[in-house]
Amino acid sequence: MKYDVLVVGGGHAGCEAACASANMGANTCLITMDMNKIAQMSCNPAVGGIAKGQIVREIDALGGQMGLVTDKTAIQFRMLNRSKGPAVWSPRAQCDRGKFIWQWRTTLDHTDHLDIWQDQAEELLVENGEAVGVRTIWGAELRAKSIIITAGTFLNGLMHIGRKQVAGGRIAEPAALHLTESISRHGIRVGRMKTGTPVRIDKRSVHFEDLTIQEGENDYHQFSYMGEPRRLKQLPCWECYTNEEVHETLRSGLADSPLYNGQIQSIGPRYCPSIETKLVTFPDRDHHLLFLEPEGEDTNEMYLNGFSSSMPMDVQVNALRHIPALRDAKVYRPGYAIEYDFFDPTQLDHSLQSKVVKGLFFAGQVNGTTGYEEAAGQGLVAGVNAALYCANSPTPFIMHRDESYIGVLIDDLVTKGVDEPYRMFTSRAEYRILLRQDDADARLTERAYTLGIAKRDRYDWWVEKKENVQRIIDFCHAYSVKPSLVNGLLETVGTTPLHGSAKVVDLVARPQITLKMLGEYIAPLRETLYAAENRQEEIIEEAEISIKYKGYIDRERLFADKMHRLENIRIKGRFDYPNIKDLSTECRQKLERIQPETLAQASRIPGVSPSDINVLLVLLGR
16 MKYDVLVVGG GHAGCEAACA SANMGANTCL ITMDMNKIAQ MSCNPAVGGI AKGQIVREID
76 ALGGQMGLVT DKTAIQFRML NRSKGPAVWS PRAQCDRGKF IWQWRTTLDH TDHLDIWQDQ
136 AEELLVENGE AVGVRTIWGA ELRAKSIIIT AGTFLNGLMH IGRKQVAGGR IAEPAALHLT
196 ESISRHGIRV GRMKTGTPVR IDKRSVHFED LTIQEGENDY HQFSYMGEPR RLKQLPCWEC
256 YTNEEVHETL RSGLADSPLY NGQIQSIGPR YCPSIETKLV TFPDRDHHLL FLEPEGEDTN
316 EMYLNGFSSS MPMDVQVNAL RHIPALRDAK VYRPGYAIEY DFFDPTQLDH SLQSKVVKGL
376 FFAGQVNGTT GYEEAAGQGL VAGVNAALYC ANSPTPFIMH RDESYIGVLI DDLVTKGVDE
436 PYRMFTSRAE YRILLRQDDA DARLTERAYT LGIAKRDRYD WWVEKKENVQ RIIDFCHAYS
496 VKPSLVNGLL ETVGTTPLHG SAKVVDLVAR PQITLKMLGE YIAPLRETLY AAENRQEEII
556 EEAEISIKYK GYIDRERLFA DKMHRLENIR IKGRFDYPNI KDLSTECRQK LERIQPETLA
616 QASRIPGVSP SDINVLLVLL GR
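Mapped onto this note's numbering, the consecutive letters of the sequence shown carry residue numbers 16 to 637.
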């Protein structure tokens with residue numbers, strides 16, 4: 016059982032890692048505890064959301080699978096943040112949990128160069144400072160040139176419901192109890208984190224007349240640039256609120272809450288708090304918004320988003336029944352919290368390879384992140400780099416902060432580290448206008464095709480799309496419009512009429528005007544807009560955004576190019592930081608621990624000041 020790449024863990028990171036390395040031609044094996052729970056959605060069966068949707072679009076542009084699987088299993092789709100600019104538009108889809116697993120399983124089963132081994136990795140095998148394989152609980156020994164650890168929440172996982180504690184990586188699934196020790200003995204630092212999930216409810220016990228319906232959208236937007244239109248039945252989600260009776264019931268059980276009785280010591284996700292944390296953090300709030308969401312097309316199981324909890328079972332159920340729509344709620348299982356091991360991501364380089372053990376890569380929640388999308392993005396990068404490592408490639412696959420949200424995510428992890436589960440937000444990216452959900456293919460597909468992870472059909476579609484977008488932009492710059500043709504439209508939408516001829520591009524730049532509006536009045540423009548055979552709406556949207564926001568895009572690109580100068584100044588191995596007395600003590604300690612690759616990475620480390628960077632620049636000059 017010898018391979019090029021071994022992937023330990025069949026979650027979202029592991030599946031993307033295995034597909035990426037196999038698609039690059041590396042002989043790959045995915046080790047998973049249960050082949051029937053491949054890519055299990057442990058918490059909410061939804062993909063995307065603020066910034067997370069951009070990550071999924073990037074995974075798809077790179078030839079990854081999450082976008083394709085999501086489109087095939089979506090039961091509701093929405094584009095979030097539509098009231099804001101396109102830089103922060105974020106797609107989100109509710110998925111059929113069971114069909115999502117089997118769609119992923121089908122994808123893996125039809126991926127060349129990929130084997131699956133159902134077992135549990137127990138020991139990492141290291142020889143001469145290099146990872147060479149794993150040994151499983153059943154005594155199987157699998158050898159490989161590179162190993163990717165994507166174990167999610169399973170490493171010494173411990174679940175909590177009230178004062179009850181049960182070892183496990185997920186409800187009804189065992190924890191991996193020895194792998195952490197076999198990794199940490201080589202000098203890799205370990206910490207503990209916590210996450211949680213809400214109660215699951217039988218929809219037959221819900222009074223939907225007391226809920227507010229939230230319909231999805233069924234337009235042309237989707238996750239994959241190559242995907243087919245959604246084919247499953249589209250279902251609504253529902254809104255409701257907690258109230259003071261709910262809060263009082265929960266407060267009565269705080270003494271038995273593992274979060275507040277000292278039972279849980281680790282830190283949970285700040286931006287996805289439990290309901291009891293909301294009560295303690297916001298004591299003056301008399302209600303909190305909840306979303307009741309379907310788990311699938313054919314199941315009665317529903318997920319109560321916003322009600323994550325580790326309170327005792329009776330407290331959770333009694334609190335729920337004070338919500339009018341849930342007064343007769345029947346529960347499949349209560350919410351629970353889980354603690355698990357993670358590894359310090361500052362001990363990784365930007366390829367996600369360990370700085371301590373050669374050939375060892377980490378991706379997903381084991382790096383201190385939270386979320387399926389963050390995990391999948393890391394998995395794809397780790398899979399590509401593991402394959403490159405096996406091929407003795409001198410150049411790893413690294414994405415910069417102005418190139419992708421995945422690049423921002425990985426740079427934050429390896430540069431700043433984590434003291435709580437890391438979740439991606441648009442606010443974490445300084446180049447949001449460049450990193451839109453609509454242009455991920457423009458940023459990444461060509462590079463992915465060169466690497467071999469994006470196939471020829473994806474590359475050909477990208478080239479076709481690019482040509483069609485440019486055709487529209489060129490037309491708008493070249494074609495002049497007379498006032499008599501469009502002034503009626505301009506006055507109707509409340510914008511200044513023309514006093515002389517104007518280029519179409521100048522009209523499109525106005526916030527009240529769209530290309531489709533003008534196409535109704537300008538026949539040649541209409542013909543140009545709908546000339547493409549495929550994905551016309553997507554092409555029109557891309558062209559319009561490029562025209563309307565050109566000034567902002569150009570300005571941000573100029574700033575990013577300036578920052579690249581610091582990215583090109585490599586400093587790793589060039590300084591003896593403890594002996595540079597002109598640097599602050601904190602700076603010396605941080606630089607010595609993290610060993611940044613470039614001056615730009617050093618500048619992003621907390622505790623490294625601009626004056627410290629100037630000191631390094633002066634020393635480089637010498």
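For each residue, glycine too, the CB sits at the ideal point set by N, CA and C.
Whose CA, out of S323, G283, I164 and I338, lies closest to the CA of E224?
-> I338
For A159, the three-state DSSP class (helix, strand or coil) | strand
Residues near R266 in its chain [Cβ-Cβ closer than 7 angstroms; skip 5 each side] = L294
Using 8 angstroms as the threshold, is the region 548-561 in touch with the region 579-597, meaning 3 or more CB pairs across them?
-> no
Put C34 into one of helix, strand or coil per three-state DSSP.
-> helix
Does DSSP classify A647 as helix, strand or coil?
-> Absent from the model: residue 647. The displayed extent of the chain is 16 to 637, so no value can be given.
For the region 259-275 against the region 325-332, are there 3 or more C-beta pairs whose distance is under 8 angstroms?
-> yes
Every unbroken alpha helix (DSSP H) inside the region 241-316 [4 residues or more] = 259-267 and 290-296
Going by C-alpha distance, which of Q393, S369, V372 and P409 is nearest Q380?
-> Q393
H193 by DSSP, collapsed to three states: which one?
-> coil
Kindly confirm or deny that the region 540-548 and the region 415-425 touch, where touching means at least three C-beta pairs closer than 8 angstroms.
-> no
Alpha-carbon spacing of P436 relative to N629, whole angstroms | 32 angstroms
Give the straight-line distance between the Cα atoms of F357 and H262, rounded to the nearest whole angstrom.
-> 33 angstroms
Taking only beta-carbon atoms, is G374 less than 8 angstroms away from chain D?
-> The question asks about chain D, but that chain is absent: this structure has only one protein chain.
Taking the Cβ atom as the reference point for each residue, do N171 and L139 lie within a distance shorter than 8 angstroms?
-> no
Quick one: any contact between the region 23-35 and the region 46-54, if contact means 3 or more CB pairs under 8 angstroms?
-> yes
Return the first residue and the last residue of the beta strand (DSSP E) that L642 is part of.
-> What the structure shows of the chain is the stretch from 16 to 637, and residue 642 is not part of that stretch, so it cannot be assessed.
Best match in V519, W476 and T510 for proximity to G242 [C-alpha to C-alpha] = W476
Going straight from the alpha carbon of L194 to that of I353, what length do you get?
-> 18 angstroms
Going by alpha carbons, who is nearest to Y536 out of V141, P498 and E145?
-> P498
Top-ranked residue by Cα proximity to P539, from T314, I131, S495 and T529 = S495
Alpha carbon to alpha carbon, how far is R204 from D434? Give it in angstroms, no decimals.
-> 13 angstroms
Using a Cβ-Cβ cut-off of 7 angstroms (strictly less than) and excluding sequence neighbours within five positions of P621, which residues of its own chain qualify?
-> K431
Taking the alpha carbon of G645 as the point to measure from, which residue in P349, Y387, H128 and I216 has its own alpha carbon closest?
-> As shown, the chain starts at 16 and ends at 637. That puts residue 645 outside it, with no answer to give.
According to the neighbour-count rule (16 or more other Cβ atoms, all chains shown, within 10 Å of its Cβ), is G1 buried or exposed?
-> Any property of residue 1 remains undetermined from this structure, which presents the chain solely from 16 to 637.
Opposing strand residues paired with W132 [DSSP bridges] = I46
Are there 16 or more other CB atoms within 10 angstroms of the CB of M39, so buried, or fewer, so exposed?
-> buried
Would the beta-carbon of T85 fall within 8 angstroms of that of C58?
-> no
Among residues of its own chain, excluding the 5 on either side of R619, which ones have a beta-carbon nearer than 6 angstroms to its beta-carbon?
-> T430
How big is the Cα-Cα spacing for G231 and L305?
-> 17 angstroms
When DSSP labels each residue in this structure, what does D355 get in the three-state scheme?
-> The question names Asp, but residue 355 is Tyr in the sequence shown. Strand, per DSSP.
Return the first residue and the last residue of the alpha helix (DSSP H) that H175 is part of.
-> Element bounds for H175: not the alpha helix (DSSP H) but the beta strand (DSSP E), L173 to I176.
Ignoring anything shorter than 3 residues or poking outside the region 524-550, list the beta strand (DSSP E) runs there in chain order.
-> none
Using a Cβ-Cβ cut-off of 7 angstroms (strictly less than) and excluding sequence neighbours within five positions of R572, which residues of its own chain qualify?
-> L449
Would you grab the beta carbon distance between R150 and E137 for me? Rounded to a whole angstrom, and I think it's under 8 angstroms.
-> 6 angstroms
Reduced DSSP secondary structure (H/G/I, E/B, other) of T212 = strand
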